[in-house]
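This report concerns only the one structure given below.
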Ligand code: ADP
Ligand code: ASP
Ligand code: MG
């Protein structure tokens, strides 16, 4: 008997028929003799609607009240799924996050899970009941509801799997696994059978929203076996039809050769800021990035160009698009100190990344990326690298062209 946490995303619970389909899948896992706990998202579109309502009433909202509103989507689906299971003769009950509780920090709107109490739930599972838990929501230290950031149900599921010491965490979604690139953009994308935690982490953080970044981090740190699979296919999670996220050693142990590049990711959620003609003296970078860090704004890519006479420099960097206005405001405040000429903000950009653990031991991976983009006439605005990833910033209109060209260049295209 295995203990499995299953998670169903928004499309998979998008209407009542789909919720009944989910209930049938859970029932089948139970009939195989497995202990199952389920985490569900809100119905697809529901969270967007809730976020919009908040924005309509108060654009600069109180994050505590934002969470009160947007956490409600998942309350609907847990109740409906518990009812659907009961209709099939499976004992089931829903648990709101405060009832367990799922404790988080107080970062409303992007809270991190600190602890999940599972004692009561484990008892009910042992007695044959299927607990249904809402994704995306938690309880703050001051006893108020929190949410985990968009896509956070993946993180709820992995955290629950870690807390329950589950054998596996099956993330059911609307694609049948992790692909070499977003299959909605790249027709020739190929399903990957096994991907390492490290590669999955880079893919998620560079824009592949199939898993929330934090969920991969948690899985890696707690050695949770995560599988991504489709809720629309017949196969059950226990048949292992999807993509497994595993340790690199596990792949090596099978004697499999890792591809140098295993995926291409992209993100249109970035904005580019250039601060022009800043005095080129020690401490200037700290003076620019200090106020941004104080405002909790993540800076990602950075490039600096010193002027020909060496007296001043332009600094270009990227921030999340949602934080652009705040970032510009912070920099404006520091103008007296920084003495720059101008702040230029550009939202017409996309970040395209090639990812692969094989890069560590192969030369020429970056060169191929630059040559491929040059061949398509695509200008590179900023570059950043890590051990297993190269990212470039390009004009947004070239995103699809760049992703598809790179997919072909690194020989990732499906053959049929
Ligand atoms: P859910 O609602 O189930 O959480 P998401 O929309 O969050 O589903 O994630 C699934 C989507 O992720 C897919 O529909 C697909 O378009 C997108 N996606 C992006 N990159 C990839 C990738 N490399 N492999 C698979 N899916 C990807
Ligand atoms: N319902 C939330 C969202 O749409 C959480 C999730 O689906 O993972 O972001
Ligand atoms: Mg998701």
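In our numbering, the protein residues as written are 319 to 734.
All C-beta atoms in this analysis are idealised placements derived from N, C-alpha and C, irrespective of residue type, glycine included.
Proximity below 8 Å, CB of residue i to CB of residue j
| i | j | result |
| --- | --- | --- |
| residue 669 | residue 719 | no |
| residue 360 | residue 394 | yes |
| residue 484 | residue 615 | no |
| residue 724 | residue 582 | yes |
| residue 494 | residue 560 | yes |
| residue 694 | residue 524 | no |
| residue 406 | residue 350 | no |
| residue 727 | residue 506 | no |
| residue 518 | residue 504 | no |
| residue 451 | residue 399 | no |
| residue 675 | residue 566 | yes |
| residue 532 | residue 473 | yes |
| residue 556 | residue 339 | no |
| residue 604 | residue 657 | no |
| residue 413 | residue 439 | yes |
| residue 530 | residue 522 | yes |
| residue 610 | residue 645 | yes |
| residue 388 | residue 375 | no |
Boundaries (first-last residue) of the alpha helix (DSSP H) holding residue i
| i | result |
| --- | --- |
| residue 411 | Counting along the chain, residue 411 falls outside any alpha helix (DSSP H), though it belongs to the beta strand (DSSP E) covering 410-412. |
| residue 400 | 390-405 |
| residue 655 | 653-656 |
| residue 609 | 602-612 |
| residue 367 | 364-375 |
| residue 339 | 334-349 |
| residue 438 | 437-444 |
| residue 479 | 471-481 |
| residue 722 | 717-727 |
| residue 693 | 683-693 |
| residue 515 | 515-523 |
Between the CA atoms of residue j and residue i - distance to the nearest angstrom
| i | j | result |
| --- | --- | --- |
| residue 344 | residue 491 | 14 Å |
| residue 348 | residue 392 | 23 Å |
| residue 328 | residue 572 | 35 Å |
| residue 642 | residue 649 | 11 Å |
| residue 467 | residue 600 | 37 Å |
| residue 516 | residue 627 | 43 Å |
| residue 448 | residue 632 | 58 Å |
| residue 475 | residue 713 | 36 Å |
| residue 434 | residue 638 | 30 Å |
| residue 528 | residue 553 | 19 Å |
| residue 595 | residue 629 | 9 Å |
| residue 480 | residue 620 | 36 Å |
| residue 563 | residue 698 | 32 Å |
| residue 409 | residue 324 | 16 Å |
| residue 486 | residue 558 | 10 Å |
| residue 592 | residue 586 | 18 Å |
| residue 368 | residue 362 | 11 Å |
Residue range of the beta strand (DSSP E) that includes residue i
| i | result |
| --- | --- |
| residue 709 | 707-713 |
| residue 285 | There is no way to answer for residue 285, as the model of the chain reaches only from 319 to 734. |
| residue 543 | Per DSSP, residue 543 belongs to no beta strand (DSSP E) and is neither H nor E. |
| residue 588 | 588-597 |
Any non-hydrogen atom of ligand 3 closer than 7 Å to residue i Cβ
| i | result |
| --- | --- |
| residue 373 | no |
| residue 391 | no |
| residue 669 | no |
| residue 428 | no |
Distance cut-off 7 Å: residue i Cβ against heavy atoms of ligand 2
| i | result |
| --- | --- |
| residue 471 | yes |
| residue 360 | yes |
| residue 607 | no |
| residue 532 | no |
| residue 468 | yes |
| residue 601 | no |
| residue 453 | yes |
Residue i CB to nearest heavy atom of ligand 1 below 7 Å
| i | result |
| --- | --- |
| residue 501 | yes |
| residue 328 | yes |
| residue 527 | yes |
| residue 363 | no |
Proximity test, residue i beta-carbon vs ligand 4 heavy atom, cut-off 7 Å
| i | result |
| --- | --- |
| residue 665 | Of the ligands one can find in the structure shown, namely ligand 1, ligand 2 and ligand 3, none is ligand 4. |
Quiz item: Using 8 Å as the Cβ pair cut-off and three pairs as the minimum, do the segment 677-696 and the segment 544-558 touch?
Solution: no
Quiz item: With a cut-off of 8 Å, do at least 3 Cβ pairs link the segment 421-430 to the segment 451-461?
Solution: yes
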